[in-house]
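Q: Sharing a structure below in structure tokens format, with a few things to ask.
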């Protein structure tokens, strides 16, 4: 289990997937890469102002959490007083993703969650079998707001709490027929995506097709494939995967 990617990176990648033309796709990818490189450079410069003792203590805590989450199914969130040590973010999540190689194991975790979660669609094309899945914790919300407030109040260089989450942040199911990988996603709709309605379809330069369904409440959904599957069939499979 690794540290959670920044929300900014996730948003940037999502916007890339939603672009319709290859020209825009390439331009957005280049822009994202440049922005990422600039952010890393700025963070390195800003980190120079952090006291050496604080840096060491924070690195030790990061390493402790990485090791701790390797041996457990627990999730921890760490607040950073010096956010320049965390790519400009105030928090990081450790043990945020749970990977599954069988649908049965995925269902065991899914059964412990309160919110609706993706289910295996009954209308998969012939030959497609379950490949893998993952469930991620949320990365924003009241828990994070409260943690930041507590961290600031403590005055400490960092502040860590165990996160007992009961709603998924993101879910992915993957199926394969030996040639194609059919991927179904469930995303938490943040303020930006919550405004979207209807559906969106796009095909990228690598041949992968994406179909998104918006306006479905707290979550929005997506499906992608490189096969010759029609948009209608993609939407039908996605509908069957969304548990009511």
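Residue numbers (mature numbering (1 follows the signal peptide of the UniProt record, and there is no 0)): -26 to -1, 1 to 218.
The beta-carbon is built from N, C-alpha and C at its ideal position, and this holds for glycine as well.
Can you tell me where the beta strand (DSSP E) holding residue 191 begins and where it ends?
A: The count along the chain shown starts at 1 and reaches residue 191 at position 217. Premise fails: residue 191 is in no beta strand (DSSP E) and is neither H nor E.
Q: Going by Cα to Cα distance, which pick from 195, 154, 163 is closest to residue 181?
A: One-based indexing of the chain shown puts residue 181 at position 207. Per the Cα distances, 154.
Q: Here's the rule I'm using: 16 or more other beta-carbon atoms within 10 Å means buried, otherwise exposed. How should residue 187 be labelled?
A: Looking up residue 187 in the chain shown gives position 213. Flag for residue 187 reads buried.
Q: Tell whether a beta-carbon distance below 8 Å holds between residue 67 and residue 109.
A: For this step, residue 67 is matched to residue 93 along the chain shown. For this step, residue 109 is matched to residue 135 along the chain shown. Against a cut-off of 8 Å, the Cβ pair of residue 109 and residue 67 comes out as no contact.
Q: Mapping DSSP to helix, strand and coil, what is residue 128?
A: For the purposes of this step, residue 128 is taken as the residue at position 154 of the chain shown. DSSP places residue 128 in helix when its eight states are reduced to three.
Q: Assess, as a yes-or-no matter, whether the region 83 to 99 is touched by the region 135 to 145 under the definition of 3 or more beta carbon pairs within less than 8 Å.
A: The answer is yes - the region 83 to 99 touches the region 135 to 145, with three or more Cβ pairs under 8 Å.
Q: Tell me residue 159's beta-bridge partners as DSSP assigns them.
A: Here residue 159 corresponds to residue number 185 of the chain shown, with the count starting at 1. DSSP lists 146, 196 as partners of residue 159.
Q: Who pairs with residue 107 in a beta bridge, going by DSSP?
A: On the chain shown, residue 107 is found 133 positions in, with the first residue counted as 1. Note: residue 107 sits in a beta bridge opposite 74, 147.
Q: How would you label residue 112, buried or exposed, when you count the other beta carbons within 10 angstroms and need 16 or more for buried?
A: As a first step, residue 112 must be located in the chain shown, where it is residue number 138. Buried: at least 16 other Cβ atoms inside 10 Å.
Q: Rounded to the nearest angstrom, how far is the Cβ of residue 35 from that of residue 134, given a contact under 8 Å?
A: As a working mapping, residue 35 is identified with position 61 in the chain shown. As a working mapping, residue 134 is identified with position 160 in the chain shown. The Cβ separation is near 6 Å, so the contact holds.
Q: Does the region 113 to 131 come into contact with the region 50 to 61, if we say contact requires no fewer than three beta-carbon pairs (one atom in each stretch) closer than 8 Å?
A: Short answer: they touch.
Q: Give the secondary structure of residue 45 by DSSP, where H, G and I count as helix, E and B as strand, and everything else as coil.
A: Numbered from 1 along the chain shown, position 71 holds the residue referred to as residue 45. DSSP places residue 45 in coil when its eight states are reduced to three.
Q: Based on Cα-Cα distance, which residue from 169, 165, 148, 177 lies nearest to residue 159?
A: For the purposes of this step, residue 159 is identified with residue 185 of the chain shown, where counting begins at 1. Comparing Cα positions, the closest option is 148.
Q: For residue 23, name the three-state secondary structure that DSSP assigns.
A: To locate residue 23, count along the chain shown from 1; it is residue 49. Here residue 23 sits in coil by DSSP.
Q: Starting from residue 66, trace the beta strand (DSSP E) both ways and give me its first and last residue.
A: Translated into positions along the chain shown, residue 66 becomes position 92. Note, residue 66: beta strand (DSSP E), 65 to 68.
Q: With 16 as the cutoff for other CB atoms within 10 Å, does residue 86 come out buried or exposed?
A: Translated into the one-based positions of the chain shown, residue 86 becomes position 112. By the neighbour-count rule (16 or more Cβ atoms within 10 Å), residue 86 is not buried but exposed.
Q: Could you pull out every residue in the same chain whose Cβ sits closer than 6 Å to the Cβ of residue 208, ignoring the five residues on either side in sequence?
A: The residue given as residue 208 occupies position 234 in the chain shown. Closer than 6 Å at the Cβ level, and outside the excluded window around residue 208, lie 185, 197.
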